[in-house]
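Here is the structure we will look at, set down as structure tokens.
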């Protein structure tokens with residue numbers, strides 16, 4: 004585990020043990036660097052990770068704050084997680100996260116996959132389908148495309164966390180993603196994978212994930228049952244020049 008990940012984990016512990024209350028201002032990055040005996044750059048990376056997770060937010064000129072709704076989100080985590088592109092295992096740390104592998108194959112990429120993953124027509128890709136569960140409840144049905152050169156993937160790896168495997172074995176970390184979130188009707192494949200009702204609404208996320216070097220390494224589509232899915236967006240108007248009239 005990298006230093007910034009250790010720091011973000013220790014900060015999360017402080018958020019839950021009462022050291023900080025929802026809405027509290029965190030020490031500035033220089034103070035945190037001294038506290039954790041590291042550099043300001045490493046602290047900044049840890050803070051960015053917490054921002055991606057939806058735990059803290061920054062306000063220009065004021066600093067970094069623990070979200071006012073943090074405790075409420077922790078209790079209702081399953082209803083507010085699909086806005087976090089960091090994988091189910093990390094999102095639900097402390098919960099039981101499991102996977103049922105439906106299939107894993109390899110083939111040559113389509114033209115769209117070549118363009119989106121920056122690969123040649125001769126570079127094979129994995130085609131992975133699996134169902135993720137959190138605390139034994141269906142979380143999502145995943146369809147993932149990943150170049151085989153990234154890593155060797157087995158069924159055992161897929162039963163755990165792909166992102167953890169990439170971090171531990173290939174030193175590849177997700178830095179962000181481009182996502183399209185929309186609603187669709189459940190297909191027969193969704194029915195078989197998640198046990199939903201045919202044509203019921205399903206939340207779908209199409210995503211291209213990027214490494215810290217800006218390289219796309221994964222194209223995926225996830226389907227979430229409507230009963231346990233929502234998207235939370237933070238809108239900041241402080242830098243838009245908007246003036247209340």
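In this note's numbering, the protein residues as written are 4 to 248. Don't be surprised by glycine CBs; every beta carbon is placed ideally from N, CA and C. The structure presented is a predicted model; accordingly, all values stated were derived computationally and were not measured.
Worksheet item: From 180, 21, 59, 41, pick the residue whose C-alpha is nearest to that of residue 218; which is it?
Response: Scanning 180, 21, 59, 41 for the CA closest to the CA of residue 218 turns up 180.
Worksheet item: Which full runs of the beta strand (DSSP E) of 3+ residues lie inside the stretch 97 to 156, going along the chain?
Response: If we require 3 residues or more, the beta strand (DSSP E) runs fully inside the stretch 97 to 156 come out as 100 to 110, 128 to 137, 140 to 150.
Worksheet item: Below 7 Å between beta carbons: does that hold for residue 69 and residue 23?
Response: Yes. Within cutoff.
Worksheet item: Three-state secondary structure (DSSP) at residue 23?
Response: Judged by DSSP in its simplified three-state form, residue 23 adopts coil rather than helix or strand.
Worksheet entry | In chain order, each beta strand (DSSP E) run of at least 3 residues that lies wholly inside the stretch 154 to 233 | The qualifying runs are 177 to 188, 204 to 214, 219 to 228.
Worksheet item: Candidates 95, 66, 100, 147: which alpha carbon is nearest residue 110's?
Response: Nearest option by C-alpha distance: 147.
Discussion item. So, at 8 Å on beta carbons, what are the nonlocal neighbours of residue 200 in its own chain, with the 5 sequence-adjacent residues on each side left out?
Written reply: In chain order, 189, 194 place their CB closer than 8 Å to the CB of residue 200, counting only its own chain and leaving out the 5 sequence neighbours on each side.
Item to complete: Pull up the CB-CB distance for residue 214 and residue 176, whole angstroms please, since I reckon it's below 8 Å.
Response: The beta-carbon separation of residue 214 and residue 176, rounded to 7 Å, stays under the 8 Å limit for a contact.
Worksheet item: Can the beta-carbon of residue 133 be found closer than 7 Å to that of residue 161?
Response: In contact: residue 133 and residue 161 (Cβ atoms closer than 7 Å).
Worksheet item: With C-beta atoms as the reference, is residue 145 less than 7 Å away from residue 225?
Response: For residue 145 and residue 225, yes; Cβs fall inside 7 Å.
Practice prompt. Work out the CA separation of residue 205 and residue 113 for me, nearest whole Å.
Written response: Computed Cα separation, rounded: 25 Å.
Fill in: Outcome for residue 56 when other beta-carbon atoms lying within 10 angstroms are tallied against a minimum of 16
With at least 16 other beta carbons inside 10 angstroms of its own, residue 56 counts as buried.
Worksheet item: Any idea what DSSP makes of residue 39, helix, strand or coil?
Response: For residue 39, the three-state secondary structure derived from DSSP is coil.
Worksheet item: Should residue 121 go down as buried or exposed, given a rule of 16 or more other Cβ atoms within 10 Å for buried?
Response: Of the residues assessed, residue 121 falls on the exposed side of the cut-off, its CB having fewer than 16 other CB atoms within 10 angstroms.
Worksheet item: If you check the beta carbons only, do residue 90 and residue 5 fall under 7 Å apart?
Response: Against a cut-off of 7 Å, the Cβ pair of residue 5 and residue 90 comes out as no contact.
Discussion item. Tell me which residues share the same chain as residue 46 and place their Cβ nearer than 6 Å to its Cβ, disregarding the 5 neighbours each side in the sequence.
Written reply: Sequence-distant Cβ neighbours of residue 46 in its own chain, meaning closer than 6 Å and more than five residues away, are 32, 35, 36.
Worksheet item: Buried or exposed: residue 197, going by 16 or more other Cβ atoms within 10 Å of its Cβ?
Response: Classified as buried, residue 197 has 16 or more neighbouring CB atoms from the shown chains inside 10 Å of its CB.
Item to complete: Answer with buried or exposed for residue 186, where buried requires no fewer than 16 other C-beta atoms within 10 angstroms of its C-beta.
Response: Burial check for residue 186: the Cβ neighbour count within 10 Å stays below 16, so the residue is exposed.
Discussion item. For the ligand COA, I want to know if residue 220 counts as a neighbour, meaning its beta carbon is within less than 6 Å of at least one of the ligand's heavy atoms.
Written reply: What this structure holds is no ligand at all, so the ligand COA is not there to describe.
Worksheet entry | Residues that DSSP places opposite residue 68 in a beta bridge | Beta-bridge partners assigned by DSSP to residue 68: 28, 60.
Discussion item. Cutting at 7 Å between CB atoms, please list the residues of its own chain near residue 104, excluding the five before and the five after it.
Written reply: Hits under 7 Å: 133, 158, 161, 162.
Discussion item. Distance check for residue 207 and residue 151, CA to CA, integer angstroms please.
Written reply: If I take the Cα positions, the gap works out to 25 Å.
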